[in-house]
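Asker: Here it is, the structure in full.
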Amino acid sequence: MFDRFDRKLNYLRISVTDRCNLRCTYCMPEEGIKLFRHEEILTFDEITGFTKVAVTNGVTKIRITGGEPLVRKGVTALIRMISEIKGIEDLSMTTNGTLLKQYAQELRAAGLHRVNVSLDTIDPEKFKVITRNGNINDVFEGINAAKEAGLFPVKINCVVKDSKEEEEAKAVARFCIDNNLEIRYIHQMDLVRGHFSIVDGGTGGDCSSCNRLRLTSNGKLKPCLFSNIEFDIRELGFEKAINLAAELKPECGSKNETGTFYNIGG
Ligand code: SAM
Ligand code: SF4
């Protein structure tokens with residue numbers, strides 16, 4: 240499937256929940272968030288049904304995200320349902336890693352190929368501050384569990400304020416070299432102000448080659464992270480939502496005043 244700027248849309252990012260067990264300062268307000276009602280959240284059958292239609296339209300790459308995807312009850316069963324769809328070449332997950340120790344083996348067995356784990360510091364105290372009380376040892380154990388389970392390659396998403404030369408980022412980079420992990424630096428973004436840039440070491444943020452569609456956990460298909468445009472897959476039907484998203488994907492991102500990182504999934 241191509242959009243009107245001849246970009247091939249082959250990558251679908253699926254947010255499976257707006258819930259999270261951490262509260263990263265750049266992602267969620269301290270006081271918590273207004274959560275979607277249970278009935279608003281897409282069922283596994285709806286997510287799988289939509290993914291099938293997306294794959295029929297040329298999507299080959301799927302990433303599961305959130306919120307924290309591993310807090311969605313039964314997420315392994317969803318991975319299995321998605322991994323059975325013929326035509327998916329790359330099935331990955333972005334996670335904060337805190338629950339990977341518990342789930343890595345069953346995720347691999349269910350057909351997940353690989354994970355990206357978010358880690359902005361290797362200092363336990365700074366991690367506590369950034370995540371508002373997270374325990375970094377859970378993430379370290381999660382990364383090891385992912386490696387042992389064969390979720391290869393394990394990549395690290397490191398959010399930086401200005402540059403990868405910041406001390407925290409350099410320490411994360413050394414940790415990655417020592418532990419045979421790939422690192423990508425994501426500049427801290429502001430959806431409302433329209434501040435975004437290219438992901439260093441990854442493929443995101445370059446509008447001219449953007450191949451992405453995003454599905455939120457309440458069923459909105461978003462052709463661009465930095466735009467308010469979205470199509471409700473329940474109201475429109477899967478095929479029509481995909482066609483509209485491809486037809487109306489903006490040439491370049493601007494601002495997003497309606498969505499947030501924790502409900503779109505980054
Ligand atoms: N909870 C999972 C995690 O943290 O990996 C998945 C969802 S999280 C929203 C996806 C990615 O978005 C993470 O790598 C996170 O660091 C990043 N992110 C969140 N808020 C951001 C912001 N304001 N600017 C840049 N990246 C952000
Ligand atoms: Fe949760 Fe991920 Fe947002 Fe942190 S970045 S609050 S782990 S969804």
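Residues in the sequence shown are numbered from 240 upward in steps of one, following this note's numbering.
No residue lacks a Cβ here, since even glycine has one placed at the ideal position from N, Cα and C.
Remember, it's a predicted structure, so these values are computed and weren't measured experimentally.
Can you name the start and end residues of the alpha helix (DSSP H) that Asp439 belongs to?
Answerer: From DSSP, Asp439 is part of no alpha helix (DSSP H); its letter is neither H nor E.
Asker: Compute the minimum distance between the beta carbon of Leu261 and the heavy atoms of the ligand SF4, and state whether it is under 8 Å.
Answerer: Checking every heavy atom of the ligand SF4 against the Cβ of Leu261, one is found closer than 8 Å.
Asker: So if DSSP puts Cys397 in a beta bridge, which residue, or which two residues, is it bridged to?
Answerer: Beta-bridge pairing links Cys397 to Tyr424.
Asker: For Gly504, count the other beta carbons within 10 Å of its own beta carbon; 16 or more makes it buried, fewer makes it exposed. Which is it?
Answerer: Classification for Gly504: buried.
Asker: Do Thr299 and Glu323 have their C-beta atoms within less than 9 Å of each other?
Answerer: No, the pair does not count as a contact, with Cβ atoms beyond the cut-off.
Asker: Counting only C-beta atoms, is Phe435 closer than 9 Å to chain D at any point?
Answerer: This model lacks chain D altogether; it includes just one protein chain.
Asker: Measure from the alpha carbon of Thr333 to the alpha carbon of each residue in Arg423, Glu279 and Lys367, then state which is nearest.
Answerer: Minimum Cα distance to Thr333 is reached at Arg423.
Asker: To the nearest angstrom, report how far apart Phe470 and His352 are at their CA atoms.
Answerer: So the two alpha carbons sit approximately 29 Å from each other.
Asker: Could you check the C-alpha separation between Glu406 and Ile361 for me, to the nearest Å?
Answerer: Looking at the two C-alpha atoms, the distance is approximately 11 Å.
Asker: Decide if the region 363-372 is in contact with the region 260-267; the criterion is three or more beta carbon pairs, one per stretch, under 8 Å apart.
Answerer: Yes: at least three Cβ pairs fall under 8 Å.
Asker: Beta carbon of Cys266: closer than 8 Å to some heavy atom of the ligand SF4?
Answerer: Yes, the ligand SF4 has a heavy atom inside 8 Å of this Cβ.
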